[in-house]
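Numbering (the numbering used here) for the sequence shown: 55 to 362.
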Amino acid sequence: MNTKNSSSLAILTNATKMLAECRTIQDAKKIADMASAAKVYAKKAQLGDEAIRYANEIRVEALRLLGDMLKQTERARGAKGIGPNAVPDRYHNAENPTLADMGLTKKESSAAQSLSTFAEKKPEVFAEAKQSGKSVSEILKPGAHVSNNSGENEWYTPPKYIEAARAVMGGIDCDPASSEIANRIVKAETFYTIQDDGLKQEWGKRIFMNPPYAPPLISKFCEAVTAKYESGEIEQACVLVNNATETAWFQRMLEKASAACFVRGRVKFLDINGNPGAPLQGQAVLYFGEDIEKFNSTFVIFGAILKK
């Protein structure tokens, strides 16, 4: 193993272990600093995207934990004060330390607490943000979303996945989350654009969908395809989406889907000029319908098949 890779991995492995055992504000700050240093080192030494992503995940998670602890401290101070009647816990002590005592600036404290709130209120976006390599200020920017590397919401599915879906279902009646450009490849008989609001339309029997990844649209479209399949409005659907197994919308689809393909690697979606770009996490194709064996035999070339 390359010496630089080995050194960086050792730092990150140690930081990961410390994160699991973290009990104090000072520990969380130390872990975040270690991960930040490892991220800078990984970039300068050109250790690759995976090393940078790993360091960023640890850094963001440590900052999130730091924010949790700081908020607990503030609540303890505000509710009971710090003194003989205060009950110390893993997040603070009874000596009421200042930010300076804890080695923090007001800016660091504010950013960590904001990140904690962000993780609580938008967990699915937070999960992607950990993999983005963005700075905390970029992650916390209003409206920020990191479904793909550029931040654009208009990315188009490579033809091979669409043709596979067409082969399984015998055709594509509708793409409910599309555009005129996207439908040049999908070639659905009916498609709905953002102006049409596909959530308010009838979809037909055979559906292909690569939903918009920005919340709350992603959860709304994924719930819609599941509900329409349950009600019998649609007979078959192939849904290409992030394999966000930690989210409620993915778990709901996976529970009702007939089969799923977890795509090997990352799908190289196309921009408006046809240039490929990889998103920041893996994808899955979920199939709703009765022709499970045909789906399995067709999509197995793309990745592992989950059979029910």
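No residue lacks a Cβ here, since even glycine has one placed at the ideal position from N, Cα and C.
Predicted, not measured: the structure shown is a model, and the values here were computed from it.
query: Would you decide whether residue 167 is buried or exposed? Buried here means 16 or more other CB atoms lie within 10 Å of its CB.; result: buried
query: Would you mind stating whether residue 83 and residue 113 have Cβ atoms separated by less than 8 Å?; result: no
query: Taking residue 242 as the reference, give the member of 341, 304 and 232 with the closest Cα.; result: 232
query: Distance cutoff 8 Å, beta carbons only. Does residue 273 sit that close to anything in chain C?; result: Given the protein chain composition of this structure (a single chain), no chain C is represented.
query: Run through DSSP, which three-state label would residue 117 get?; result: helix
query: Rounded to whole angstroms, what is the Cα-Cα separation between residue 218 and residue 276?; result: 20 Å
query: I think residue 362 touches residue 312, with their Cβ atoms under 8 Å apart; what is that distance to the nearest whole Å?; result: 7 Å
query: CB-CB under 7 Å to residue 170, same chain, minus the five flanking residues each way: which ones, in chain order?; result: 118, 121, 122 and 125
query: What's the C-alpha gap between residue 298 and residue 155?; result: 39 Å
query: Taking the straight line between their C-alpha atoms, what separation do you get for residue 223 and residue 289?; result: 9 Å
query: How long is the line joining the alpha carbons of residue 2 and residue 323, rounded to whole angstroms?; result: In the structure as shown, the chain starts at 55 and stops at 362, and residue 2 therefore has no counterpart that could be examined.
query: Relative to the alpha-carbon of residue 267, which residue among 303, 157, 127 and 97 has its alpha-carbon at the smallest distance?; result: 303
query: Rounding to the nearest angstrom, what Cα-Cα distance links residue 292 and residue 283 in this structure?; result: 11 Å
query: Could you tell me the boundaries of the alpha helix (DSSP H) in which residue 85 lies?; result: 79-98
query: Put residue 229 into one of helix, strand or coil per three-state DSSP.; result: strand
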